[in-house]
Each structure stands twice: as C-alpha cells, then as structure tokens.
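Written out below as structure tokens is the structure these notes cover.
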Amino acid sequence: MIPTEVIERKREGRPVPGADLEAFLQAYLRGDVPDYQMSAFLMAVCFRGLEGGETATLVRTMLHSGEVLDLSDLPGARIDKHSTGGVGDKVSLVLAPLAAAMGMFVPMMAGRGLGHTTGTLDKLEAIPGFRTDLGLDEFRAVVSRVGCAIIGQTSEIAPLDRRLYALRDVTGTVSSIPLIAASIMSKKLAEGLDGLLLDVKVGEGAFIPEEERALDLARLMVEIASERGLKACALLTAMDRPLGVALGNGLETAEAIRCLQGGGPSDLRELVLVEATEMLLLADGTGDPHRARHIAESKLDGGQALERFTRMVEAQGGDATIVDHPDRLRTAPSLAEVRAEADGVVIGVSARLLGDGIVRLGGGRSKLEQTVDPGVGFEVHASTGVRVARGDLLGVVHARDPGAAAMGSDLLRRALLIERGGTPVTRSLVSHRIHSDGSERLL
Ligand code: URA
Numbered sequence: 018m019i020p021t022e023v024i025e026r027k028r029e030g031r032p033v034p035g036a037d038l039e040a041f042l043q044a045y046l047r048g049d050v051p052d053y054q055m056s057a058f059l060m061a062v063c064f065r066g067l068e069g070g071e072t073a074t075l076v077r078t079m080l081h082s083g084e085v086l087d088l089s090d091l092p093g094a095r096i097d098k099h100s101t102g103g104v105g106d107k108v109s110l111v112l113a114p115l116a117a118a119m120g121m122f123v124p125m126m127a128g129r130g131l132g133h134t135t136g137t138l139d140k141l142e143a144i145p146g147f148r149t150d151l152g153l154d155e156f157r158a159v160v161s162r163v164g165c166a167i168i169g170q171t172s173e174i175a176p177l178d179r180r181l182y183a184l185r186d187v188t189g190t191v192s193s194i195p196l197i198a199a200s201i202m203s204k205k206l207a208e209g210l211d212g213l214l215l216d217v218k219v220g221e222g223a224f225i226p227e228e229e230r231a232l233d234l235a236r237l238m239v240e241i242a243s244e245r246g247l248k249a250c251a252l253l254t255a256m257d258r259p260l261g262v263a264l265g266n267g268l269e270t271a272e273a274i275r276c277l278q279g280g281g282p283s284d285l286r287e288l289v290l291v292e293a294t295e296m297l298l299l300a301d302g303t304g305d306p307h308r309a310r311h312i313a314e315s316k317l318d319g320g321q322a323l324e325r326f327t328r329m330v331e332a333q334g335g336d337a338t339i340v341d342h343p344d345r346l347r348t349a350p351s352l353a354e355v356r357a358e359a360d361g362v363v364i365g366v367s368a369r370l371l372g373d374g375i376v377r378l379g380g381g382r383s384k385l386e387q388t389v390d391p392g393v394g395f396e397v398h399a400s401t402g403v404r405v406a407r408g409d410l411l412g413v414v415h416a417r418d419p420g421a422a423a424m425g426s427d428l429l430r431r432a433l434l435i436e437r438g439g440t441p442v443t444r445s446l447v448s449h450r451i452h453s454d455g456s457e458r459l460l
C-alpha cells in the first residue's frame, strides 16, 4: 500500500481495495501515515463518498482498534439508543432508566455537547458528584446491578475513531455521511449490543438539517448494523424546534427528572415513550407495539423508571437527593423574564439560535476541551402554534450575571417568531421509521 496512491484513487472517485484501505488506516494508527495524508484522504472522502465495502472496512478497522465489550453474561437483552444530537434533547436521561425498568440492559456511552447541540454527559454532570468517567469494569458492574449506566467514550473504545474525529474536527471534514455513520457505528458496535435504536434529528437545530441527508445517514447506519448482525432501527425526529421547555444542562436534567416523575412537557414524554417502545421491540422479537407501549407507560407512570434513575445516580457517585429536589439544579443567579410585546401566534421557535445562545451564556462549548456552566440556559414556554397575548410569559433566561441575562433575553426574542396571524409549518415529532427491510413515513 502506497499512501499517495490511496489518496489519489479516492480523489479520482475510484474505490480503494479493502486490503489497501485497511493497511492505510493501520499505518495511520502506528504513526506511519501522518495527519496531513489522512486529512487529504478524509477531504477526498467528503467529495467522493465511500462505497459499501469501503465503509465496512472503515467500520471494522475502527471497531477493532480498541476493546469490544462482552456483556453476554447479562441475563437480558442489551439495547442502547444513540441520538445525533439536538437542542433540549434530554431523552437519554429518561430512556435509559425506563428501558432498564422494562427489563433491558442499557450500556450507554454518550457524548458531550459541541457547537449548538448539548450532550448527555454534561447534563448528568450537572448532578453534584455524578461520574461519567467510570472504567469499563465499573461500567459493566453498574449495568449489571442497576440495568443501565451512562458514561463517556473511554480511551479503550474505538481509538482510531477518536483520532480521526479529532482530525476531522479541525480539517472541515466532519460533515460526510459515510464518515459520520462509520464513526457512530464503530462506537455503538463496541458496546456488545443485541439491539440499537438510532434517533436521527432533522430540522434547523440538527447536526444534519436536511431531511434527505438525515434519511441517508439513518439508512446507512441501519445497513452497517445489519451487516454486522446487530438489530437496529432508526427514527427521524423533529429538531425544527427545541425539544421540551428546558434548554441548558442542569435545567434539562431537572426536566428529565420531572418526566421520570410522570410530568414534564408532552413532546418529551411522547418521544421517550415512542423510543422505549422501539427498544422493547428490538429486545423482544415478538413485536407487539401496543403491548410494548403499554409496558413503557406503566413503568414510567408507576415510578419504576425513576427508581432506576435514582439507583444509577447513586451507583455513579451522584447526589441522589436531587431526585426529590430537582429545582436545586437551577443554579444561575441572574434570571430574566421575556414577555410578549404584542398579541400574535408563535410561528416558529429557532432551535439553532437557542442552541447558539446556550454556548454564548457559557452552557455549551465550541471546542471539546472547554468546560461548561451547568446552571445557565433558557426555559421556553412559548411553543409553535400557540396564540399569545401582550404581556404573556414567553420564556426565562438563566444567566451568570445581569449583562449575560440581557444578551440572552435579546436572543430569546429573536428566536421566537411571533406574527399577528398565520399557520406555522412544523415537522411531526417522529416522521420516519427506518429498519433493515425499508423505511416508513409516519404521519
Ligand atoms: N458523532 C460522532 O460520534 N461521529 C461523527 O462523526 C459525528 C457525530
């Protein structure tokens, strides 16, 4: 294998033979292919794409560059879910313990917020003491004892992906569908799962806003899973507005706890129930969606999911009294209310602007190594389609100081499109279901 030949083939749109691609990737891992050659290759992939066999080689090499968990001794199906990330997406915090209460084992490796999207790890770390850096043995032990655990990707899992992702991040090569699909799936395959639910967000606040590209990503990830013998299903879910009311790490964790208590915003609860139903269908091949939904509702409303959450928080070193006092997560000292200046209808709520707003308030990051402020964010009470009267409360900004609160108020106003009349056009919460036999549009 000659590295320049691999790069040139890809540049010209000719497929790279599997053995050469694997040798190129292994040479990169050993340090024999430098970052500049790998960057050139990744850029060529952005323009030319990858063929099925090339994607499979990339996934296999990334997966086996590290450890693959063996959780086969657990007495139940190992099912996880992955979200491509959005604004206000706190589903995993509710879903993992709910799925555990439904009898599944959920070994979840999650990510941090980057750019305008927030991350599950940052939300959990808003709970005092909560550790997301368990070693693999401790992780395994918590999953076995509690039924679920949520940690960050450890250095043992898919190290080649970790290096490639860091390189893509600084070379403008993140947004290639095969590279994204291979990156996500190499990590998920390393979890040793029986089933995987993929929540692919679509809309202006999503990592991939366009429906066609989001569908391509969903299809490719399901295909990769299927080729490697992993049952997978993907849902396309709405991110043309934020999910729920609370945006920002601690505020979102508090909202997730309210959902676990049987309350919380209706869109969050519905998405959790839809996803829990799909996870149970993946776990139990018999496939009765009504029964699966009924079990999900009863475990959420019966308090069993909350009980699993509490045990997970304790097992991961967190202060479990937060479950009885979620308002303690509202720690920002400067609050500012935003009220309607005129009567009208809410035509849109910009997830993208609000996601960027969280970063500006200090609750997100533009580089992975930055720390985040867990207390800041927004409560957005105005939802699309709702009629508001002058003086109605539209939202609340949670900020570190009055200057930041004023900046946040201005941003929240700009994020809310309110007109005298008109009908908003919004995506349905769950618009498509993609599985190995094809895809369905859900209306
Ligand atoms: N998330 C990942 O894990 N990898 C990507 O390439 C993009 C998003």
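Using the numbering used here, read the sequence shown as starting at 18 and increasing by one per residue. C-beta atoms are modelled at their ideal positions from N, C-alpha and C, and glycine is treated no differently.
1. CA-CA distance, E228 and T254?
2. With respect to the beta strand (DSSP E) encompassing I194, which residues constitute its N-terminal and C-terminal limits?
3. Could you give the first and the last residue of the continuous beta strand (DSSP E) run that contains P124?
4. Quick one: what's V362 bridged to in DSSP?
5. Would you mind sorting L323 into buried or exposed? The rule is 16 or more other CB atoms within 10 Å of its CB.
6. Does DSSP classify S1 as helix, strand or coil?
7. Looking only at C-alpha atoms, which of M256, K205, P259, A332 sits nearest to R95?
8. Going by DSSP, what residue range makes up the beta strand (DSSP E) through G394?
9. For V33 and L446, what's the separation of their Cα atoms in angstroms?
10. Should P3 and V50 be called a contact, given that it needs their Cβ atoms to be closer than 8 Å?
11. Let me confirm a value: S100 is counted as buried when at least 16 other C-beta atoms fall within 10 Å, else exposed. Which label applies?
12. What do you reckon, is the C-beta of I201 under 7 Å from a heavy atom of the ligand URA?
13. How is the alpha helix (DSSP H) around L46 delimited, first residue to last?
14. If you follow the alpha helix (DSSP H) that L317 is part of, which residue opens it and which one closes it?
15. For the putative contact between G394 and G380, defined by C-beta atoms under 8 Å, what is the C-beta separation to the nearest angstrom?
16. What is the DSSP secondary structure of I19, reduced to helix, strand or coil?
17. So, with DSSP's three-state summary, where would you put A368?
18. How about I241 and V76: do their beta carbons lie closer than 8 Å?
19. Note down the Cα distance separating L264 from M55, rounded to an integer number of angstroms.
20. For K384, is the classification buried or exposed, using 16 other Cβ atoms within 10 angstroms of its Cβ as the cut-off for buried?
21. Ignoring anything shorter than 4 residues or poking outside the region 71-149, list the alpha helix (DSSP H) runs there in chain order.
22. Measuring straight from C-alpha to C-alpha, what distance separates G438 and Q387?
23. For the beta strand (DSSP E) containing G212, list its first residue and its last residue.
24. With L277 as the anchor, note down where its alpha helix (DSSP H) starts and where it stops.
25. Between T401 and V355, how many whole angstroms is the CB-CB distance? I'm expecting something under 8 Å.
26. Apply the 10 Å Cβ neighbour rule to T338 and answer buried if 16 or more other Cβ atoms are within range, or exposed otherwise.
27. From the DSSP output, in three-state form, read off A166 for me.
28. By Cβ distance, which residues of its chain are closer than 6 Å to D139, with the 5 residues on each side in sequence left out?
29. Between the C-alpha atoms of P441 and D257, what's the straight-line distance to the nearest angstrom?
30. Beta-carbon within less than 7 Å of A273's beta-carbon, same chain only, minus the 5 sequence neighbours each way: which residues are those?
Reading from the atomic positions:
1. Counted from its first residue, the sequence shown places residue 228 at position 211. Counted from its first residue, the sequence shown places residue 254 at position 237. Cα to Cα, E228 sits roughly 10 Å from T254.
2. Here residue 194 refers to the residue found at position 177 of the sequence shown. It is not in any beta strand (DSSP E) - I194 instead sits in the alpha helix (DSSP H) that spans 194-206.
3. Translated into the one-based positions of the sequence shown, residue 124 becomes position 107. Taken as a continuous stretch (DSSP letters only), the beta strand (DSSP E) holding P124 covers 123-127.
4. If you number the sequence shown from 1, residue 362 lands on position 345. Per DSSP, R404, E436.
5. Position 306 of the sequence shown, counted from the first residue, corresponds to residue 323. Classification of L323: buried, given that the 10 Å Cβ count is 16 or more.
6. Because the chain in this structure spans residues 18 to 460, residue 1 falls outside the shown range and cannot be described.
7. As a working mapping, residue 95 is identified with position 78 in the sequence shown. Ranking the options by Cα distance to R95, first place goes to K205.
8. Counting from one through the sequence shown, the residue named residue 394 turns up at place 377. It spans 394-397 - the beta strand (DSSP E) in which G394 sits, taken as one unbroken run.
9. For the purposes of this step, residue 33 is taken as the residue at position 16 of the sequence shown. For the purposes of this step, residue 446 is taken as the residue at position 429 of the sequence shown. Each residue's Cα considered, the two are about 40 Å apart.
10. Residue 3 lies beyond the range of the chain shown here (18 to 460); nothing can be said about it.
11. Taking the sequence shown and counting its residues from 1, the one referred to as residue 100 is at position 83. S100 is buried by the Cβ-count criterion.
12. Start at 1 with the first residue of the sequence shown, and residue 201 comes out as number 184. I201: yes, Cβ under 7 Å from the ligand URA.
13. Position 29 of the sequence shown holds residue 46. Counting along the chain, the alpha helix (DSSP H) containing L46 begins and ends at 35-47.
14. In the sequence shown, the residue the question calls residue 317 occupies position 300. L317 -> alpha helix (DSSP H) spans 306-318.
15. Locating residue 394 in the sequence shown gives position 377, counting from the first residue. Locating residue 380 in the sequence shown gives position 363, counting from the first residue. Yes, G394 and G380 are in contact; Cβ-Cβ is about 5 Å, under 8 Å.
16. Position 2 of the sequence shown holds residue 19. Coil, per DSSP.
17. Residue 368 sits at position 351 when you count from the first residue of the sequence shown. In the structure shown, A368 sits in a helix (DSSP, three-state: H, G or I).
18. Position 224 of the sequence shown holds residue 241. Position 59 of the sequence shown holds residue 76. Yes, Cβ-Cβ distance for I241 and V76 is below 8 Å.
19. Here the question's residue 264 lines up with position 247 in the sequence shown. Here the question's residue 55 lines up with position 38 in the sequence shown. The alpha-carbon atoms of L264 and M55 are separated by roughly 37 Å.
20. Along the sequence shown, read from residue 1 onward, the residue named residue 384 stands at position 367. It is exposed - the Cβ of K384 has fewer than 16 other Cβ atoms within 10 Å.
21. 108-118, 137-141
22. For this step, residue 438 is matched to residue 421 along the sequence shown. For this step, residue 387 is matched to residue 370 along the sequence shown. Rounded to the nearest angstrom, the two C-alpha atoms are 42 Å apart.
23. Taking the first residue of the sequence shown as 1, we reach residue 212 at position 195. Note, G212: beta strand (DSSP E), 212-219.
24. The residue labelled residue 277 in the question sits at position 260 within the sequence shown. Taken as a continuous stretch (DSSP letters only), the alpha helix (DSSP H) holding L277 covers 266-277.
25. By 1-based counting over the sequence shown, the position of residue 401 is 384. By 1-based counting over the sequence shown, the position of residue 355 is 338. 16 Å between Cβ atoms; not a contact.
26. As a working mapping, residue 338 is identified with position 321 in the sequence shown. Exposed, since its Cβ has fewer than 16 Cβ neighbours within 10 Å.
27. Residue mapping note: residue 166 aligns to position 149 of the sequence shown, counting from 1. It is a strand residue.
28. For this step, residue 139 is matched to residue 122 along the sequence shown. Answer for D139: R129, G130, N266, V389, listed in chain order.
29. Start at 1 with the first residue of the sequence shown, and residue 441 comes out as number 424. Start at 1 with the first residue of the sequence shown, and residue 257 comes out as number 240. Near 11 Å, if we compare the C-alpha coordinates of D257 and P441.
30. On the sequence shown, position 256 is the one that residue 273 refers to. Closer than 7 Å at the Cβ level, and outside the excluded window around A273, lie K107, L110, V111.
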